[in-house]
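Asker: Residue numbers (this note's numbering): 11 to 454.
1. Secondary structure at residue 48, three-state DSSP: helix, strand or coil?
2. The ligand NAD and residue 78: does any heavy atom of the ligand fall closer than 7 Å to the residue's C-beta?
3. How big is the Cα-Cα spacing for residue 52 and residue 387?
4. DSSP three-state call for residue 7: helix, strand or coil?
5. Can you tell me which of 221, 96, 240, 349 puts its alpha carbon nearest to the alpha carbon of residue 413?
6. Given this structure, state the Cα-to-Cα distance separating residue 154 from residue 237, to the nearest angstrom.
7. If distances are taken between C-alpha atoms only, which option among 420, 81, 406, 108 comes closest to residue 431?
8. Once you ignore the five residues that flank residue 408 on each side, which residues in its own chain have a CB closer than 7 Å to its CB?
9. With DSSP collapsed to three states, give me the class of residue 165.
10. Ignore the nearest five residues each way along the sequence and tell me which others in residue 185's own chain have a CB closer than 7 Å to its CB.
11. Do residue 117 and residue 381 come within 8 Å of each other at the CB atom, strictly closer than that value?
12. Can you tell me which of the three DSSP states residue 126 falls into?
13. Under a three-way DSSP split, which group does residue 12 fall into?
14. Comparing alpha-carbon positions, which option in 94, 80, 439, 69 lies nearest residue 247?
15. Mind pulling the alpha helix (DSSP H) runs of 4 or more residues that sit fully within the stretch 362–399?
16. From residue 212 to residue 141, what distance separates their C-alpha atoms?
17. So the alpha helix (DSSP H) residue 447 belongs to, where does it begin and stop?
18. Residue 295 and residue 230 look like a contact to me (Cβ under 8 Å); what is the Cβ gap, rounded to whole Å?
19. For residue 415, which option in 385, 183, 429 has the closest C-alpha, if you only look at C-alpha atoms?
20. Does DSSP classify residue 68 as helix, strand or coil?
21. In the structure shown, what three-state DSSP assignment does residue 306 receive?
22. I'd like to check one pair, residue 426 with residue 322: are the Cβ atoms closer than 8 Å?
23. Considering only C-alpha positions, which residue in the set 31, 79, 44 is nearest to residue 19?
24. Using 8 Å as the cut-off, can you tell me whether the stretch 94–106 makes contact with the stretch 302–317, which would need three or more C-beta pairs spanning the two stretches below that distance?
25. Measure the C-alpha to C-alpha separation of residue 330 and residue 342 and round it to an integer number of angstroms.
26. Would residue 417 and residue 347 qualify as a contact pair, given that the criterion is a beta-carbon distance under 8 Å?
27. Could you compute how far the alpha carbon of residue 152 sits from the alpha carbon of residue 220?
28. Tell me which residue opens and which closes the alpha helix (DSSP H) that residue 294 is part of.
29. Give the DSSP-derived three-state secondary structure of residue 313 in the structure shown.
30. According to DSSP, is residue 32 helix, strand or coil?
31. Among the candidates 332, 391, 144, 234, whose CA atom is the shortest distance from the CA of residue 128?
32. Determine the direct distance from the alpha carbon of residue 66 to that of residue 199, and round the result to whole angstroms.
33. Starting from residue 351, trace the alpha helix (DSSP H) in both directions and tell me its first and last residue.
34. Compute the distance between the beta-carbons of residue 245 and residue 72, then report whether it is under 8 Å.
35. What does the Cβ neighbour count give for residue 368, buried or exposed, with the cut at 16 atoms within 10 Å?
Okay, structure coming up:
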């Protein structure tokens, strides 16, 4: 199946399931009134689908697909929360979903405009290879990370629920660099193309270990980031010419995996009923976004200290650099959406509501314009993938593009935080490469 045809078929199927809420829940007037898509929302969704299909670049089209599909999943997740009695308060999805699709229209509009001026093409050229010797730090880190998690406790292997402890356990400095696991998985994916059977077996085996390590703490963000990054590499490497049934199966497996990890971390349950429940309510982000639109205003969140710009600066810059200007990194990070929403909800955990929510409440007078320029930035990020001439450059570009894609339901401070971590990773790898050249070392 051609890639664009797969996007069309997938979005058409998702939107059909979305509109089918009117049939599936025909006997529940409350669900139809509060959660079912109305005429304006459906029109906006169809416009978004047409705009996504108008994107010529396959990787950018993948971005558009994720953003266009999220409200469908979010609606079903919210209905699941309603039936399980897990809503913060009664909510109506009409206004939140309208805001969401207007936001997506702005983002995709920026992508389409930028695509006309940027020479975008899928990167198929050979890259300066990051050899096994050069990548030794990437191979050592997952083992050290796994050991740190086991020592600190509060993992999926502990038994029982870990939700109350997973966000408060001090796991030490190694844990702060957990995004390195994504680099390791991307490097292994690049090695998988090696023709030798043994290399492929080793790459898959170690990759499975790294992927398991990424969710051992109960958090699923790194696994999603890694899987999406590998998918982007796959599309770039085959030129986005076609896509087969394995991607569809993979997407379903990712959703099942996402819910299954949630089931295990919540009550360490492996039974099928717990898994179904976890999948049904896997995404709380859309529910929390809808609640925010229903009950809060930008002025209300300002009383909790919300400041998107300052929190972004605090996430990007090193603490020592901020101290020179009389600023505290920890204080600035407290102004980000996750912590502000946490205080607003009186929750013990950080609350993620997605980039559209962040921008809508941070810049109430011109949020569509901000999202339009974000779309332009996304296209520029894709251009960085095309211009990469080394595997390290490719992996960095892909990582940030994947993070921008997942910002649809994540928090910006996490994405901004990757900047500093990636800088440290690059420095370590460059120092190691110099060390290898001096010795010289060869582990290939």
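Just so you know, even glycine gets a beta-carbon here, dropped at the ideal spot from N, CA and C. In this text the structure is predicted, and so the values were computed from the model without any measurement.
Answerer: Short version:
1. Counting from 1 along the chain shown, the entry for residue 48 is found at position 38. Of the three classes helix, strand and coil, the one that applies to residue 48 here is coil, per DSSP.
2. Although the ligand NAD was asked about, the structure shown includes no ligands whatsoever.
3. Within the chain shown, residue 52 is the residue found at index 42, counting from 1. Within the chain shown, residue 387 is the residue found at index 377, counting from 1. Near 27 Å, if we compare the C-alpha coordinates of residue 387 and residue 52.
4. No answer is possible for residue 7: the residues shown for the chain start at 11 and end at 454.
5. The sequence position of residue 413 within the chain shown is 403, counting from 1. It is 240.
6. Along the chain shown, read from residue 1 onward, the residue named residue 154 stands at position 144. Along the chain shown, read from residue 1 onward, the residue named residue 237 stands at position 227. Approximately 22 Å between the Cα atoms of the pair.
7. For the purposes of this step, residue 431 is taken as residue 421 along the chain shown, with counting starting at 1. Considering only alpha carbons, the answer is 406.
8. Your numbering for residue 408 matches position 398 in the chain shown. Cβ within range, chain order: 196, 239, 242, 243, 395.
9. Translated into the one-based positions of the chain shown, residue 165 becomes position 155. Correct three-state label for residue 165: coil.
10. Within the chain shown, numbered from 1, the residue matching residue 185 stands at position 175. These residues qualify, in order along the chain: 158.
11. Against the chain shown, residue 381 aligns to sequence position 371. Against the chain shown, residue 117 aligns to sequence position 107. Going by C-beta atoms, residue 381 is nearer than 8 Å to residue 117.
12. Residue 126 sits at position 116 when you count from the first residue of the chain shown. Reduced to three states, the DSSP call for residue 126 is helix.
13. The residue given as residue 12 occupies position 2 in the chain shown. Looking at residue 12 - three-state DSSP - the assignment turns out to be strand.
14. Counted from its first residue, the chain shown places residue 247 at position 237. It is 69.
15. 365–372, 377–397
16. Residue numbering aside, residue 212 sits at position 202 when the chain shown is read from its first letter. Residue numbering aside, residue 141 sits at position 131 when the chain shown is read from its first letter. Computed Cα separation, rounded: 15 Å.
17. In the chain shown, counting from the first residue as 1, residue 447 sits at position 437. Per DSSP, residue 447 belongs to the alpha helix (DSSP H) from 422–448.
18. For this step, residue 295 is matched to residue 285 along the chain shown. For this step, residue 230 is matched to residue 220 along the chain shown. No, residue 295 and residue 230 are not in contact; Cβ-Cβ is about 12 Å, not under 8 Å.
19. Taking the chain shown and counting its residues from 1, one reaches residue 415 at position 405. It is 385 whose Cα lies nearest to the Cα of residue 415.
20. For the purposes of this step, residue 68 is taken as the residue at position 58 of the chain shown. Helix.
21. Reading the chain shown from its first residue, position 296 is the one you call residue 306. Of the three classes helix, strand and coil, the one that applies to residue 306 here is coil, per DSSP.
22. Start at 1 with the first residue of the chain shown, and residue 322 comes out as number 312. Start at 1 with the first residue of the chain shown, and residue 426 comes out as number 416. Their beta carbons are under 8 Å apart, which means residue 322 touches residue 426 by this criterion.
23. Within the chain shown, numbered from 1, the residue matching residue 19 stands at position 9. For residue 19, the nearest C-alpha among the options comes from 79.
24. yes
25. On the chain shown, position 320 is the one that residue 330 refers to. On the chain shown, position 332 is the one that residue 342 refers to. Approximately 13 Å, taken between the alpha carbons.
26. The count along the chain shown starts at 1 and reaches residue 417 at position 407. The count along the chain shown starts at 1 and reaches residue 347 at position 337. No, the Cβ-Cβ distance between residue 417 and residue 347 is not below 8 Å.
27. Position 142 of the chain shown, counted from the start, is the residue given in the question as residue 152. Position 210 of the chain shown, counted from the start, is the residue given in the question as residue 220. About 6 Å.
28. As a position in the chain shown, residue 294 is number 284, starting the count at 1. Unbroken run through residue 294: none, as it is neither H nor E.
29. Working through the chain shown from its first residue, we reach residue 313 at position 303. In the structure shown, residue 313 sits in coil (DSSP, three-state: anything other than H, G, I, E or B).
30. Here residue 32 refers to the residue found at position 22 when the chain shown is read from its first residue. Residue 32: helix per DSSP, three-state reduction.
31. Residue mapping note: residue 128 aligns to position 118 of the chain shown, counting from 1. When each option's Cα is compared against that of residue 128, the closest is 391.
32. Residue numbering aside, residue 199 sits at position 189 when the chain shown is read from its first letter. Residue numbering aside, residue 66 sits at position 56 when the chain shown is read from its first letter. Spanning the two alpha carbons is a distance of roughly 25 Å.
33. If you number the chain shown from 1, residue 351 lands on position 341. 347–355 is the span of the alpha helix (DSSP H), which, as asked, contains residue 351.
34. Within the chain shown, numbered from 1, the residue matching residue 245 stands at position 235. Within the chain shown, numbered from 1, the residue matching residue 72 stands at position 62. Yes, these two residues count as a Cβ contact at 8 Å.
35. Translated into the one-based positions of the chain shown, residue 368 becomes position 358. So residue 368 counts as buried.
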